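Visitor:
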């Protein structure tokens, strides 16, 4: 019984299945009929129309790349410009053997192994490999030589192309940024932004710095030329032309002379400097050392040079000023002092006794001065940089209060500067630790960890720009402006300007009296404290604070002996400052990697920079700020 | 002494055993046409033809092996293949390589591959196996569960984002559900729901995906950007006329007006050079392939093989229809290859394994009929 029912059931199922097979078959047949109808429509009814269209396709649309906008500093000094140069280009499709063509060309024009290596790389990477440069920057003589022998070289032509040129080489390299070939990732991004058509004639795109973050402004609008081509795809004559529109000039807030003074002051040392105008957020100088020569990139960087830049332990491509994170060391103390006043944890005259250490539980936290500073009040704690004072203060405030206050000053958050690649840093708090670590015993915040937070050590890690930004905010009595590197954008033809007004991010509610107290204490640093030697006989008033950040952790009771520590493990030297004391016009952070004590390396650099900015004192050897004009400027006439 | 007489005949018999002659002839013809078009499209990159030959030999081997595997054995792969596929898709979402802005590729040792491609067969396998197991007591709940099995990989692939592959995987799964006997009324309801869901779905699309759809409606709105593909491929098809421009004589292809002319747009090259006649030949060949597949499905013994054969056959149709529709400008531009003609190893492998499954079903139809 069951058997027959099942059989009948499966028979019914089979019939149902076969019915569906039939339905699917009919549906597919119908779909194919639709296709057939479409083919009939295109290939029979509309054939003439499309045939003439295909004929018209003998007319090729050739994109005309626009002139890239210039990059200028706040005083109109040109930082990036274009020059037109002749390149020798091979049309790979029109030559029988690329290798042989190159060999033949080298009989006439010098082609180095470097040129060959670069050409090889281009054939792999290039987006529209219609023609590729084998040589760039031909001399007039070489152009003439080739022109006379042109008939011998089918599929090789001389083209005029615009190249980027950076008059200052490596000065401000991280701010200005470099250009590179458009790669697949760039291409995808352009497509997603829907601007890929505008890049049909472009080979290069901004990869870092302002070249990248203001790419849209700088690039311009691509023009088009209708060219009649023969069956082999060669152009015969131009039929019509839509000119390209040049990109806009980007004018920075940066002062190139100040930037040069600052970079020069670093010499060969590694580090970073950020100078901000407190009342506007304008970035006056932004240094990351070592830098790199931007001109290396303009006609395709040599693979060996690129590998060297990438693998150098000094990491020259890294923008330390916005992407490097460092413990702030004692430059953290003025912010701690301000927090203590704001939160009512300290009064101006409350004192402690500093015996040279602070004991918490069974741990002993050392002061950098053996024997301690004796009786210390809040003012003196900043002037002499008492560690013990801030160990105690941190313990009294507690980690939540510290983190809450520092967060208001923007520490541990990106400042929002108009450059790409800004790091976040670490504002230590129990919540941060919870998120950062996996294992429960690591996730817990131990009260002992709060102690070293007070002197800017422990988990504290901020970018130089965050510290400069916090200093600027305090210098402006709590008004927090978003740091900006670009002041305005200018249409090169109409000179029409689009300015970026200072953007007030918020107002930190700070009591004026407290801010003044901290500023006075910082001024004390430059007069009688740790910065006194560096700022001796300064012709202006300023406030500052030295900082020394440990790179490796010292064991308890172990003494730090600079001469015995390898260079890479030496302390970082920091100096945070603002000037003048009343109505500051500049706030700055300097860090010298492995520079040792803050007073020794970072403070003198700050002095040099402030000397120039406030009283125009130019260090020797930098008298002529403008380099020679060597190249024709391709865009100035436009 | 015995070894000296090499058993040529026996090896030959063993090799053709299980190979369905009809199917073999049809795909041989399609493959030949494919190489003709590829050769024309590759006039400046002849290496493509050679590497496609290597893809082909690999795919043929995979087809042969698949044809030898009895469906019962195939069934055992269903659950593991599906689970592995899902795990790999999740792996892609977490650790995949980003190529062209989409996260589709997974590194496996020295090579990398697209797990979504594997799902094109693993999903129908899984669903067919599931329905087969529940055959005696199929209820609404089973269809709901099948829908869940379908939506998981579909959603993961949409998120990569890869709409083309997601649609193909979804379709493969849907065909199984359709053949398993989902009621017409339910089907209508789901279709209506799907249409309604299109509206919020539109909001989830990436800008460039929306642009593709919009330019389909009016390609001339963006002649230098997204509309360029459709305009140029339509010109190629239309200018081919009835007899075509002749092999290697397509101007659209040779003057480089056709983008992706080796892969997704190879039909434009083919159609320009072989014209309406060539197109009809192609449609007939696909029709024969599909017809043969449907016959194999209709004669299959168990529910599992029926569903597999039906789904695989409809997949061939879907690839062909979507691709030719896209190139001739009546369907949106999605990354779907033209079966047996487009350049590319992975797609070829999937297709030939599909053919292998059909062959296996055909060969073992009696063995399982007991």
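Residue numbers (the working numbering), protein chains in the order written: chain Y, 18 to 655; chain C, 26 to 395. Quick reminder that beta carbons are idealized off the backbone N, C-alpha and C, glycines included. Note that the structure is a prediction, hence the values are computed from the model and not measured.
Below 7 Å between beta carbons is the criterion; list the residues of the stretch 276 to 288 of chain C that meet it against any residue of chain Y, in chain order.
Guide: Result list: 276, 277, 280, 282.
Visitor: Can you tell me the Cα-Cα spacing of residue 327(C) and residue 204(Y), whole angstroms?
Guide: On the second chain, position 302 is the one that residue 327(C) refers to. On the first chain, position 187 is the one that residue 204(Y) refers to. Spanning the two alpha carbons is a distance of roughly 50 Å.
Visitor: Please report whether the beta-carbon of residue 195(C) lies at a distance below 8 Å from any beta-carbon of chain Y.
Guide: As a working mapping, residue 195(C) is identified with position 170 in the second chain. So no, residue 195(C) is outside the interface.
Visitor: Any idea what DSSP makes of residue 635(Y), helix, strand or coil?
Guide: Residue mapping note: residue 635(Y) aligns to position 618 of the first chain, counting from 1. If DSSP states are grouped into helix, strand and coil, residue 635(Y) belongs with coil.
Visitor: What in chain C is Cβ-close to residue 59(Y), meaning under 7 Å?
Guide: Numbered from its first residue, the first chain carries residue 59(Y) at position 42. What residue 59(Y) touches in chain C: 259, 262, 263, 353.
Visitor: Closest to residue 566(Y) by C-alpha separation, out of 344(Y), 141(Y), 45(Y), 98(Y), would be which residue?
Guide: Residue mapping note: residue 566(Y) aligns to position 549 of the first chain, counting from 1. The candidate whose alpha carbon is nearest that of residue 566(Y) is 344(Y).
Visitor: Note down, in chain order, every chain Y residue with its Cβ under 8 Å from the Cβ of residue 267(C).
Guide: Your numbering for residue 267(C) matches position 242 in the second chain. Ordered by position in chain Y, the residues that pass the 8 Å Cβ test against residue 267(C) are 60, 61, 64.
Visitor: Could you tell me whether the stretch 277 to 290 of chain C touches the stretch 78 to 96 of chain Y, where touching means 3 or more Cβ pairs closer than 8 Å?
Guide: Short answer: they don't touch.
Visitor: Does residue 130(Y) come out as helix, strand or coil in the three-state DSSP assignment?
Guide: Looking up residue 130(Y) in the first chain gives position 113. The answer is helix: DSSP assigns residue 130(Y) an H, G or I state.
Visitor: On a Cα-Cα basis, can you pick out the residue from 55(Y), 167(Y), 418(Y), 622(Y) that is closest to residue 305(C)?
Guide: Your numbering for residue 305(C) matches position 280 in the second chain. It is 55(Y) whose Cα lies nearest to the Cα of residue 305(C).
Visitor: Can a CB atom of chain Y be found closer than 8 Å to the CB of residue 87(C)?
Guide: The residue given as residue 87(C) occupies position 62 in the second chain. It does not: the Cβ of residue 87(C) has no partner Cβ on chain Y nearer than 8 Å.
Visitor: Does residue 271(C) come within less than 8 Å of chain Y when only Cβ atoms are used?
Guide: In the second chain, the residue the question calls residue 271(C) occupies position 246. No, because no Cβ of chain Y sits closer than 8 Å to the Cβ of residue 271(C).
Visitor: In chain Y, what lies closer than 9 Å to residue 389(C) by C-beta?
Guide: As a first step, residue 389(C) is located in the second chain; it is residue number 364 there, counting from the start. What residue 389(C) touches in chain Y: nothing, since even the nearest Cβ is about 17 Å away.
Visitor: Please state the DSSP three-state secondary structure of residue 505(Y).
Guide: As a first step, residue 505(Y) is located in the first chain; it is residue number 488 there, counting from the start. Strand at residue 505(Y).
Visitor: What did DSSP end up calling residue 305(Y) once you bin it into helix, strand or coil?
Guide: Position 288 of the first chain holds residue 305(Y). In this structure, residue 305(Y) counts as strand in the three-state DSSP scheme.
Visitor: Around the Cβ of residue 553(Y), are there at least 16 other Cβ atoms within 10 angstroms (buried) or fewer (exposed)?
Guide: The residue given as residue 553(Y) occupies position 536 in the first chain. Label assigned to residue 553(Y): exposed.
Visitor: Among residues of its own chain, excluding the 5 on either side of residue 409(Y), which ones have a beta-carbon nearer than 7 Å to its beta-carbon?
Guide: In the first chain, residue 409(Y) corresponds to position 392, counting from 1. 369, 375.
Visitor: Whole alpha helix (DSSP H) runs in the stretch 333 to 413 of chain Y with 4 or more residues, listed along the chain?
Guide: Runs found: 337 to 340, 350 to 359, 395 to 400.
Visitor: With a cut-off of 8 Å, does the C-beta of residue 315(C) fall near any C-beta of chain Y?
Guide: Reading the second chain from its first residue, position 290 is the one you call residue 315(C). By this cut-off, residue 315(C) is an interface position.
Visitor: Provide the residue span of the alpha helix (DSSP H) that contains residue 327(Y), from first to last.
Guide: Within the first chain, residue 327(Y) is the residue found at index 310, counting from 1. Its alpha helix (DSSP H) spans residues 320 to 328.
Visitor: Identify the contact partners of residue 303(Y) in chain C, using a Cβ-Cβ distance below 7 Å as the criterion.
Guide: Position 286 of the first chain, counted from the start, is the residue given in the question as residue 303(Y). Here the premise fails: no neighbours, minimum Cβ distance about 30 Å.
Visitor: Measure the beta-carbon distance from residue 360(Y) to residue 411(Y) and round it to whole angstroms, keeping in mind my assumption that it falls under 8 Å.
Guide: Within the first chain, numbered from 1, the residue matching residue 360(Y) stands at position 343. Within the first chain, numbered from 1, the residue matching residue 411(Y) stands at position 394. So it is not a contact: roughly 12 Å between Cβ atoms.
Visitor: Along chain Y, which residues have their Cβ under 7 Å away from the Cβ of residue 232(C)?
Guide: To locate residue 232(C), count along the second chain from 1; it is residue 207. Here the neighbours are 209, 211.
Visitor: Check residue 629(Y) in the structure and name its three-state DSSP category.
Guide: As a working note, residue 629(Y) is residue 612 in the first chain. Correct three-state label for residue 629(Y): helix.
Visitor: Could you check the C-alpha separation between residue 231(Y) and residue 601(Y) for me, to the nearest Å?
Guide: To locate residue 231(Y), count along the first chain from 1; it is residue 214. To locate residue 601(Y), count along the first chain from 1; it is residue 584. For residue 231(Y) and residue 601(Y), the distance between alpha carbons rounds to 30 Å.
Visitor: Using the DSSP secondary-structure output, state which residues sit across from residue 241(Y) in a beta bridge.
Guide: To locate residue 241(Y), count along the first chain from 1; it is residue 224. The partner list for residue 241(Y) (beta bridge, DSSP) reads 80(Y), 259(Y).
Visitor: Using a Cβ-Cβ distance cut-off of 8 Å, determine whether residue 135(C) contacts chain Y.
Guide: Taking the second chain and counting its residues from 1, one reaches residue 135(C) at position 110. Note that residue 135(C) scores 48 on pLDDT, short of 50, meaning its location in the model is unreliable and no value can be drawn from it.
Visitor: For a test of the three-state rule: what should DSSP assign to residue 348(C), helix, strand or coil?
Guide: Here residue 348(C) corresponds to residue number 323 of the second chain, with the count starting at 1. Looking at residue 348(C) - three-state DSSP - the assignment turns out to be helix.
Visitor: Tell me, please, whether the stretch 312 to 326 of chain C touches the stretch 47 to 64 of chain C by the rule of three or more beta-carbon pairs shorter than 8 Å.
Guide: Touching, yes.
Visitor: Which of the three DSSP states is assigned to residue 371(C) in this structure?
Guide: Along the second chain, one-based indexing puts residue 371(C) at 346. If DSSP states are grouped into helix, strand and coil, residue 371(C) belongs with the helices.
Visitor: Out of curiosity, what's the CA-to-CA distance linking residue 292(Y) and residue 594(Y)?
Guide: Taking the first chain and counting its residues from 1, the one referred to as residue 292(Y) is at position 275. Taking the first chain and counting its residues from 1, the one referred to as residue 594(Y) is at position 577. So the two alpha carbons sit approximately 9 Å from each other.
Visitor: The alpha helix (DSSP H) spanning residue 465(Y) covers which residue range?
Guide: Walking along the first chain from the start, residue 465(Y) turns up at place 448. Unbroken alpha helix (DSSP H) run through residue 465(Y): 464 to 470.
Visitor: Around the Cβ of residue 62(Y), are there at least 16 other Cβ atoms within 10 angstroms (buried) or fewer (exposed)?
Guide: Along the first chain, read from residue 1 onward, the residue named residue 62(Y) stands at position 45. Flag for residue 62(Y) reads exposed.
Visitor: State yes or no: is the C-beta of residue 420(Y) nearer than 7 Å to some heavy atom of the ligand ADP?
Guide: In the structure shown, the ligand ADP is absent, as is every other ligand, since no ligand is present at all.
Visitor: Who are the Cβ neighbours of residue 392(Y) in its own chain at under 8 Å, not counting the five residues just before and after it?
Guide: Working through the first chain from its first residue, we reach residue 392(Y) at position 375. So the qualifying residues of the chain are 368, 369, 370, 371.
Visitor: So, using beta-carbon positions, are residue 264(Y) and residue 223(Y) closer together than 8 Å?
Guide: Along the first chain, read from residue 1 onward, the residue named residue 264(Y) stands at position 247. Along the first chain, read from residue 1 onward, the residue named residue 223(Y) stands at position 206. Contact: no.
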